[in-house]
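Chains as they are written, first to last, in the numbering used here: chain D, 260 to 347; chain E, 309 to 1197.
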Amino acid sequence: MTTAHQVGSYVPPVQYEIRVDGHLGARWAAWFDGLAVTSESDGTTVLRGSLVDQAALHGLLQKLRDVGIPLISLRQVPSDNPPEGNRP
Amino acid sequence: MVAAGLPLLESKLHVPRRRRGVVGRARLAQRLDRDALPAVVLVSAPAGFGKTTLLAEWLAGGDETAKRAAWLSLDRRDSDPAVFWSYVVAAVRKVEGDVGAGALGVLQTTPTALEAVVTSLLNDLAALAGDVVLVLDDYHLVESLDVQESMRFLVDHLPQQLHLVVASRADPPWPLAGLRARGRLLEIRASDLRFTSEEAAAYLHEAMGLDLTPADVDTLEARTEGWIAALQLAALSLQGRDDPAAFVAEFAGDDRFVVDYLVDEVLDRQPGEVRTFLLETSILNRLTAPLCVAVTGRSDARTTLQGLERSNLFLVPLDDRRQWYRYHHLFGDVLRARLAGEEPERVVDLHGRARAWFEAAGDRAEALRHAMAAGDFAKAAELVELALPELGKARQDATIRAWLDALPRHMFANRPVLTLGLVGAHMVTGDTAGVEELLDGVERWIDPDRPTGDMVVHDHAALGRLPVQAAMYRAGLALLRGDLAGTVAHGERAAALSAAGDHFGQGAAAALIGLAHWAGGDLQVAERQYAAAIASFERAGFLPDVLACSLGLADIQVAQGRLGAARRTLAAGLDIGTTNGPLRGTPDMHVGLGELHVERNELDAAAERLRASLDLGEHLALRQHGYRWRVLDARLRAARGDHAGALALLAEAERRYDTDYSPKARPVAATTARVRLAAGDVAGAEQWAVDAGIGLDDEPSYLREYELLTFARLLLATGRATDAIALLDRILAAADSGHRGGDAIEALALLAVAHDATGDTPHALAALEEALTRAAAEGFVRVFLDAGAPMHVLLKAAVRRSRAPDQAAAVLAADGAPARMAPQGLVDELSSRELDVLRLLRSDLSGPEIAAELGVSINTVRTHTKNIFMKLGVNSRRAALRRATELGL
């Protein structure tokens, strides 16, 4: 819950969509800190979710690297849900 | 063996043995053997591509040098530069025992001086007769910027003898393109490491004993894309199956990520207990039977481990005695992911058991890792608090900072000892943001009226020292801010709070108070405090601190113009340093004594001191040494007329200018300006005055005095004698009132010259007489010799007119003595043998070849090379040849 005096210091976590080559089952979600893991029909897997900052993003990329799954793409996704509260 | 003061893990230096069931990589090993081994070999590929296996095999089957390679398996803790370089040096020393003593020394005294560490190591390597291969495995695990920068420095300065072999999952941030272009890089990448069809077939048939059709082999190879780890998993899944073809077909038709699919297959084929064992122990970085028993609760862990190793299930032995293992990284990661997905609630419990075991075993680092993973932050905080003293002593500051930063902030609120540790970690790096608030929090706990019910403390000895430590940190903070009064106030509070027998605490407080007064120009009080600090440190047995304070005390005494007292101080320090060590700081005592000799124009004695200082080695020196010995050397050369040599040294000294915390009373730039004036480069000196922002109306203060005196010399050199007189009168008044005897003498000497320049002989002689009288008591001579030709005339006049005639005559005698100047412009000439070696260093001959050419042993060549480097004041072959050319050798 944001109040007026918090506005300006609040930085919403960013939503990311990371695509990897090969199917990873949904049970991998726990390993990837609760991101949604979805297998796509083209043989790739998409991990979706919000990461609090760049360090968290790099941590995730390293986990993917450790498992050896090839990275295909990464993009930011505009957040659908703006935070509540007064915003000028 | 210790790394930065803490015991080393031998397993990290252990060369992995070649494993059974592994396909020979002859095709790749040939590339490594083909020509002379290049400077850098990079094996860069994702997990499971057989990097480590390839390197282990190559080394085992290679030539002499390869067989003796230095191996280092890196892990996350090596992100602390002190830890990283300690291990690197340890690895190299296993192979070449003489190397790296200097580097270890620097690591122990100044772990942040990474360039000095690497330089020392490289020098040792460059003096070797033979080659050394250094293997760094899992280089991608090292993440810190400091390590990367120092490694970059290493790569940029690789000596011929060193061959760097790096295995990594990511390309290191080095100038690879440049290395490639110069033919100094050999790369082996994923595409090279993938199994070809032939290799896949050989592996599946011969190594794994499978009977597959060529089509099936091709399918497997295609599906896995030659990824070795995947093929291994597939092979494991196929063993003992009745219908391999069915498996292959199903595998080929599945979309799942290869490793995900195959690990499932492998796990499914294990007996339930083994499967559980694998999942539960996957949380461990390293496994040993008793640890596994504790974590799984199964008493047959040793048998299970051995069984897993025999069936080649991705268990890698870490030593020869089969006591410690680890999972192959890829397999372990997938197991961990499995566990997180299947039994998340067990994970915390498993980490807790591991933590307890490691804690009991005394491995705090691993215990901490598990405590954090279990989210048991209270335990983690306890472990960190107890580890702080030994980590601090080992100067593993980066580790301390990392561990403290990983704890949730709210934990610090009721943990004063832990919070003080955080303060210390900040202060060490000069990061003072927020430190004051932290200290406020800490000191609230010291308030005797405050109930301490909810305070959490594990290190009670540290709690006892808390009030003193907090006051000292506040004093340090004030000093960093330039608040000298605050420094003194807090320092006195710390002294008052320290227990009667706490001589170290009292010494530290006195030193800090002395430093504050010194910086404020209050030399009398500063001298008393430093003397008290020295006495306290001596009683406390902290001898290196005695030396450090002796250097400061001597500087203060020199500023007071008391050369005799300074000599006694340094001589006492030198005695302590030599008798008990040599201790850190001993080279600095020599340099200080050398500086005194220069003031007395005892140039040969000064040169002796310089030599003695350099012989001891930079790793024994304090932070100031790097620039101070060069300034001493420069003054010696300038005194002997070698202005060019002096300026070159001063340029280097300027780059290394670091007075530690002492006041910057003699900036190198001003010394450089003086030498320029002596050399006739007035324009250069004028530029210095502009850069330093010096003006005629500047107020003389302790810190500005040296520069103002330099400016006065410039005024004299440019014919502005009247302006010089006005300035010098003000300087003299200030120096006298501040009891800065040395500066007063210089002001008087320059006044004599200035008055003489305006034709005012009476005032000139009066000033000179005063100067000579004051100088005689302490032996100041150089100040007159450096005042230029007019001074020479004045001194003769002084003799004639009986104005301090004996003193004047003594100075004249010193001036008339022929300066012994080594024709090459060196303090120490190169012997003819050394010149021979130098000549051969210019060629492409290696050490052994030079030895052969000269008909001596390689050790002799090594000794000559070392001496040549020292005499030329360099630390590499390249620099030696450059300097030799400069000197016309």
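Just so it is clear, CB atoms sit at the ideal spot from N, CA and C, and this is done for glycine as well.
How would you list, in chain order, the residues of chain D whose beta-carbon sits under 8 Å from the beta-carbon of residue i?
i        : result
HIS637/E : ASP325
Would you say residue i lies against chain E (beta-carbon separation less than 7 Å)?
i        : result
GLY318/D : no
GLY302/D : yes
Can you pull the chain E residues whose beta carbon is under 7 Å from the beta carbon of residue i, in chain order?
i        : result
ILE328/D : PHE565
Does any residue of chain D bring its CB to less than 7 Å from the CB of residue i?
i         : result
ALA648/E  : yes
ASP641/E  : yes
ALA508/E  : no
MET1129/E : A caution first: MET1129/E carries a pLDDT of 37, below 50, which makes its placement in the model too unreliable to give a value.
ALA498/E  : no
GLY1133/E : Note that GLY1133/E scores a pLDDT of 48, beneath 50, so its modelled location is shaky and nothing firm can be said.
ALA557/E  : no
ALA645/E  : yes
Residues of chain D with CB under 9 Å from residue i, in chain order?
i        : result
ASP568/E : GLY281, HIS282, LEU283, GLY284, TRP287, VAL326 and ILE328
Cβ closer than 7 Å: which chain D residues qualify as neighbours of residue i?
i        : result
ARG477/E : ARG324
PRO652/E : ALA289
GLY356/E : GLY327
Interface positions of the region 275–289 of chain D facing chain E (Cβ-Cβ less than 9 Å), listed along the chain:
VAL279, ASP280, GLY281, HIS282, LEU283, GLY284, ALA285, ARG286, TRP287, ALA288 and ALA289
Give a yes or no on contact between the region 517–524 of chain E and the region 480–495 of chain E, applying the rule of three or more CB pairs nearer than 8 Å.
no
With three or more C-beta pairs closer than 8 Å as the rule, is the region 907–914 of chain E touching the region 1088–1106 of chain E?
yes
Could you name each continuous beta strand (DSSP E) segment of 3 residues or more that falls completely within the region 587–633 of chain E, going from the start of the chain to the end?
623–625
Under 8 Å, with one C-beta from each stretch per pair, do the region 404–413 of chain E and the region 692–699 of chain E reach the 3-pair mark?
no
Contact list for the region 901–930 of chain E against chain D, Cβ threshold 8 Å
none
Residues of the region 658–690 of chain E in Cβ contact with chain D at a cutoff of 9 Å, in chain order, please.
none
Suppose only complete runs of 4+ residues qualify. What are the alpha helix (DSSP H) ranges in the region 1100–1188 of chain E, listed by chain order?
1113–1124, 1140–1149, 1155–1162 and 1166–1180
Minimum length 3: unbroken beta strand (DSSP E) runs contained in the region 758–791 of chain E
Runs of the beta strand (DSSP E) inside the region 758–791 of chain E: none found.
So, does the region 276–294 of chain D touch the region 322–329 of chain D, judging by three or more C-beta pairs under 8 Å?
yes
Complete alpha helix (DSSP H) runs within the region 802–856 of chain E (minimum length 4 residues, chain order):
Counting whole runs of 4 or more residues, the region 802–856 of chain E contains the alpha helix (DSSP H) stretches 811–827 and 831–848.
For the region 1022–1058 of chain E, list the alpha helix (DSSP H) runs that are entirely contained and at least 4 residues long, ordered along the chain.
1029–1045
Does the region 413–426 of chain E come close enough to the region 922–932 of chain E to have 3 or more Cβ pairs within less than 8 Å?
With contact defined as three or more Cβ pairs closer than 8 Å, the region 413–426 of chain E and the region 922–932 of chain E are in contact.
Below 8 Å, how does it come out for the region 377–397 of chain E and the region 1098–1117 of chain E: are there three or more Cβ pairs, yes or no?
no
Cβ pair count under 8 Å reaching 3, the region 750–770 of chain E against the region 784–804 of chain E
A contact is defined here as three or more CB-CB pairs under 8 Å, and the region 750–770 of chain E fails this definition with respect to the region 784–804 of chain E.
Extract the residue ranges of the alpha helix (DSSP H) inside the region 680–707 of chain E, only unbroken runs of 4 or more that lie entirely within it.
685–701
Are there three or more Cβ pairs, one per stretch, closer than 8 Å when the region 469–487 of chain E is compared with the region 443–456 of chain E?
yes
With three or more beta-carbon pairs closer than 8 Å as the criterion, would you say the region 661–681 of chain E touches the region 597–612 of chain E?
Yes: at least three Cβ pairs fall under 8 Å.
Please go through the region 955–1033 of chain E and give each complete alpha helix (DSSP H) segment of 4 or more residues, from N-terminal end onward.
976–987, 990–1000 and 1010–1025
Would the region 572–580 of chain E count as touching the region 328–337 of chain D if we require 3 or more Cβ pairs under 8 Å?
By the criterion of at least three beta-carbon pairs nearer than 8 Å, the region 572–580 of chain E is not in contact with the region 328–337 of chain D.
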